[in-house]
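*Asks:*
Residue numbers (this note's numbering): 80 to 917.
#1: Pair every Cβ in the segment 333 to 348 with every Cβ in the segment 617 to 636, then say whether three or more of these pairs are closer than 8 Å.
#2: For residue 700 and residue 889, what's the separation of their Cα atoms in angstroms?
#3: Going by C-alpha to C-alpha distance, which of 318, 286 and 363 sits closest to residue 209?
#4: Count the other C-beta atoms from every protein chain shown that fall within 10 angstroms of the C-beta of residue 526, then say buried if there are 16 or more, exposed otherwise.
#5: With a threshold of 16 other CB atoms inside 10 Å of the CB of residue 783, please say whether the residue is buried or exposed.
#6: For residue 865, which residues from the same chain have a beta carbon less than 7 Å from its beta carbon, with the 5 sequence-adjacent residues on both sides left out?
#7: Quick one: Cα of residue 213 to Cα of residue 323, how far?
#8: Spatial neighbours of residue 89 within its chain, please: CB distance less than 7 Å, with the 5 preceding and 5 following residues excluded, ordered by chain position.
#9: Where does residue 438 sit, in a helix, a strand or coil, going by DSSP?
#10: Run the CB neighbour count on residue 152, radius 10 Å, all protein chains shown included, and call it buried at 16 or more, exposed below.
#11: Within 10 angstroms of the Cβ of residue 698, are there 16 or more other Cβ atoms? Answer buried if so, exposed if not.
#12: Pick helix, strand or coil for residue 711, following the three-state DSSP scheme.
#13: I'd like to confirm the pairing. Which residues does DSSP put opposite residue 365 in its beta bridges?
#14: Got a sec? Which residues, its chain only, sit under 6 Å from residue 169 by beta carbon, not counting five neighbours each side?
#15: How big is the Cα-Cα spacing for residue 771 and residue 636?
#16: If we ignore side chains and look at the alpha-carbon of each, how far apart do residue 640 and residue 607 end up?
#17: By a C-beta neighbour count over all protein chains shown, 10 Å radius and 16 as the cutoff for buried, is residue 671 buried or exposed?
#18: Identify which residue in 403, 158 and 303 has its Cα closest to the Cα of residue 183.
#19: Drop a sphere of 10 angstroms on the beta-carbon of residue 897, count the other beta-carbons inside from all chains shown, and report buried for 16 or more, exposed for fewer.
#20: Cα-Cα, which of 410, 201 and 299 is closest to residue 338?
#21: Look at the Cβ atom of residue 530, then the Cβ atom of residue 584, and state whether they are nearer than 8 Å.
#22: What is the residue span of the beta strand (DSSP E) that residue 653 lies within?
#23: With H, G and I counted as helix, E and B as strand and the rest as coil, what does DSSP make of residue 551?
#24: Apart from the five residues just before and just after residue 724, which ones in its own chain have a Cβ nearer than 6 Å to its Cβ?
#25: Taking all protein chains shown into account, decide if residue 199 is buried (16 or more other Cβ within 10 angstroms of its Cβ) or exposed.
#26: Helix, strand or coil: which one does DSSP assign to residue 399?
#27: Shortest alpha-carbon distance to residue 791 belongs to which of 778, 806, 774 and 693?
#28: If you run the structure through DSSP and keep just helix, strand and coil, what is residue 912?
#29: Cα separation between residue 632 and residue 625?
#30: Going by beta carbon distance, what residues of the same chain come within less than 6 Å of residue 284, once the five residues before and after it are set aside?
#31: Do residue 646 and residue 353 have their beta-carbon atoms positioned less than 8 Å apart in this structure?
#32: My parser needs the alpha helix (DSSP H) runs of 4 or more residues fully inside the segment 237 to 274; what are they?
#33: Restricting to runs no shorter than 3 residues, where is the beta strand (DSSP E) found entirely within the segment 152 to 220?
#34: Could you tell me how far apart the beta carbons of residue 714 and residue 734 are, in whole angstroms, since I believe they sit closer than 8 Å?
#35: Assuming residue 342 is part of the alpha helix (DSSP H), what are its boundary residues?
#36: Measure the C-alpha to C-alpha separation of residue 656 and residue 662 and round it to an integer number of angstroms.
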């Protein structure tokens with residue numbers, strides 16, 4: 080924090096929902112945290128400055144007594160104000176809903192986070208607060224407006240602005256502001272559209288009627304975005320700026336942006352937009368497992384949970400959800416003998432869904448700009464076509480009385496859909512009521528989307544967050560016609576995980592031909608060059624990520640697109656007949672090999688190369704190839720980075736074996752066998768070049784020949800067990816060993832110590848005293864946090880310090896004397912230091 084040129088008025092601290100305390104300069108105060116047993120405590124900090132209109136805020140964590148920053152140290156300085164700017168779409172930009180009698184306006188609100196002034200944030204004044212270089216970010220699906228533009232209090236949900244945090248204390252929005260962009264965040268809140276008079280006991284009340292903007296028709300919210308684009312363009316023209324707009328649409332916001340931009344083109348309205356980023360947006364629809372939807376409906380209408388009913392009606396059956404969800408569960412009812420039965424009915428032909436998808440398919444995509452897709456789903460995850468249990472939850476009677484102890488009071492089971500046949504997706508039963516079985520048959524040919532690659536969403540976590548393996552209350556449960564207070568114990572027998580496929584990769588990439596099974600491996604070919612998708616570029620991670628997550632890699636990619644992306648850029652594609660690189664034959668130590676990329680370069684385009692330092696030595700490189708020499712055993716790589724003058728850079732990575740040495744990885748999960756607790760070991764990398772594999776538990780007797788996987792079990796009470804691996808290939812034989820730990824997975828993370836220690840940091844790290852017999856002090860310059868890892872001579876990780884600021888202590892009192900390796904990770908770079916414990 081820099082207080083130069085300004086005076087602190089007071090500091091405000093708040094923990095959870097407890098009363099906050101204020102501390103003026105020179106004062107001492109106490110914040111009561113009694114009753115908090117969690118070792119991680121989240122603390123909100125607000126800085127109130129003298130004479131300034133707004134405040135600065137950030138969050139910190141007190142984790143086991145160590146203070147660390149949380150998310151970004153973003154600032155509210157230099158914005159349009161804490162109160163968002165109201166925005167109606169206008170009488171000429173109305174929309175009539177599919178079942179509505181008339182076309183009406185939409186409503187939104189926005190806030191401008193202005194670019195960082197050259198003199199720093201304190202140099203921001205009214206003259207600076209004009210839009211010159213705009214990026215518009217649109218909120219996605221948000222029923223009830225639980226996600227505001229930005230959070231004001233520690234107890235608030237993260238806002239749209241907070242969701243732009245990534246990495247260690249980094250923020251994508253502030254990255255853009257530092258590069259001269261004005262970031263405009265558009266939100267769709269609940270807003271009043273009418274009122275009604277209600278008379279109760281002779282008293283008349285006026286009751287407001289609201290529209291839930293965060294779950295309203297996509298088309299009506301698109302009208303609001305259209306109005307905002309027109310306002311921004313008017314301001315650009317007024318200040319003489321020739322910049323064009325960048326539009327970023329996360330999730331449903333991508334559909335709002337796609338519709339709005341194409342609507343403007345179709346109606347000759349100049350959007351003046353050069354780049355549209357579709358961020359994990361459901362171009363072909365979204366997925367929530369039918370089994371989980373059924374469970375929510377069952378809890379709402381059979382168990383009569385008020386919270387579940389609210390979640391079902393305001394979220395799953397909201398207008399926007401009905402437009403986007405591919406498979407939907409509707410509430411059906413049947414009345415017999417004065418009693419109403421409710422049951423779920425699954426469909427993939429909902430009227431709202433079919434109407435929206437037909438509309439947007441017929442419109443297509445905007446053409447007068449560059450459009451790219453940032454996707455959270457991978458292209459090559461292993462598909463799970465078989466039925467999987469998502470949830471298996473049971474409540475049994477506790478204590479004596481009637482019914483007797485152990486009687487099943489309730490049971491809920493949810494399953495994924497089957498690959499190509501009708502299967503059970505839900506089972507529900509409440510004491511004395513008939514059991515309910517729900518089946519669903521996928522008929523659209525896209526297969527089981529629950530097991531497909533895609534951006535993930537925590538529907539399962541939200542459904543199971545009230546389930547606990549401890550005491551579970553079932554109070555006044557309605558059983559037929561009576562209310563019977565019961566006490567039960569809830570046990571979660573099975574849970575497939577917190578996250579489920581939400582935005583399938585095929586949907587986010589908007590494949591032209593979507594009539595295939597979405598769960599299959601989508602390959603590695605360039606989808607732009609093969610004309611399979613409507614986008615000009617795209618980013619997919621190596622593994623599925625939570626929906627609309629920003630990572631270091633995706634932040635770098637979108638930043639390059641925003642900095643360089645323009646309309647009508649030429650495609651950069653690989654040659655139809657490319658160079659064949661030998662990736663199957665090991666590169667023996669001391670030998671050299673040349674690798675080639677296969678891209679057809681544009682005139683003046685350059686290529687830079689990366690390679691596995693420590694394992695390889697660079698001999699030469701140019702725009703087409705790289706030549707390296709093998710120095711050590713291990714999994715090596717070379718990577719060509721194609722510098723794109725008009726968008727994000729492209730990469731081609733080639734992985735191969737260096738020398739004869741291979742290692743093995745240790746499973747994070749446990750197995751059980753005759754020897755008790757065990758771990759599964761796997762040769763890494765599993766290369767076809769290996770001609771021999773054998774394992775040993777004593778370094779002398781080798782068995783289990785040519786087995787890539789090897790099960791090892793705990794030996795008595797010892798916490799670890801040494802394992803040897805012998806591998807052979809055309810370069811010869813190699814032996815290695817390391818301990819396998821059974822009770823601490825972190826101890827199974829190893830680092831191979833090379834002869835040369837790397838130091839890629841742009842700042843100087845100080846470590847003292849060295850040697851030591853107590854602790855090392857690591858001094859970290861600057862205001863960015865660093866992650867520290869300490870390894871012993873065998874390569875075993877023995878200490879970790881996360882997000883250290885300025886100074887960190889690495890204790891060594893319990894460590895045996897010897898040589899240790901300290902790795903420091905800072906700002907995406909790393910350095911290694913040799914330490915000595917006396």
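C-beta atoms are modelled at their ideal positions from N, C-alpha and C, and glycine is treated no differently.
The model shown is predicted, which means the values in this text are computed figures rather than measured ones.
*Replies:* In brief:
#1: no
#2: 40 Å
#3: Of the candidates 318, 286 and 363, the one whose C-alpha sits nearest the C-alpha of residue 209 is 318.
#4: buried
#5: exposed
#6: 859, 883, 903, 904 and 905
#7: Distance from the CA of residue 213 to the CA of residue 323, rounded to the nearest whole angstrom, comes to 7 Å.
#8: Around residue 89: 101, 102, 103 and 127.
#9: Look at residue 438 here: in three-state DSSP terms it is helix.
#10: Reliability fails at residue 152, whose pLDDT of 46 lies under 50, so the model's placement of it is uncertain and the value that follows must be treated cautiously. Residue 152 comes out buried.
#11: exposed
#12: coil
#13: 404
#14: So the list reads 306, once near-sequence residues are dropped.
#15: 41 Å
#16: 15 Å
#17: exposed
#18: 303
#19: exposed
#20: From the listed residues 410, 201 and 299, the smallest Cα separation to residue 338 is found for 299.
#21: Their beta carbons are not under 8 Å apart, which means residue 530 does not touch residue 584 by this criterion.
#22: From DSSP, residue 653 is part of no beta strand (DSSP E); its letter is neither H nor E.
#23: Interpretation of residue 551 is limited by its pLDDT of 35, a score under 50 that renders its predicted location unreliable; the figure taken from the coordinates is listed afterwards. Looking at residue 551 - three-state DSSP - the assignment turns out to be strand.
#24: none
#25: exposed
#26: helix
#27: 774
#28: strand
#29: In a straight line, the C-alpha of residue 632 is about 15 Å away from that of residue 625.
#30: 277
#31: yes
#32: 251 to 257
#33: 164 to 167, 186 to 192 and 213 to 217
#34: 7 Å
#35: 331 to 345
#36: Those two C-alpha atoms are separated by around 17 Å.
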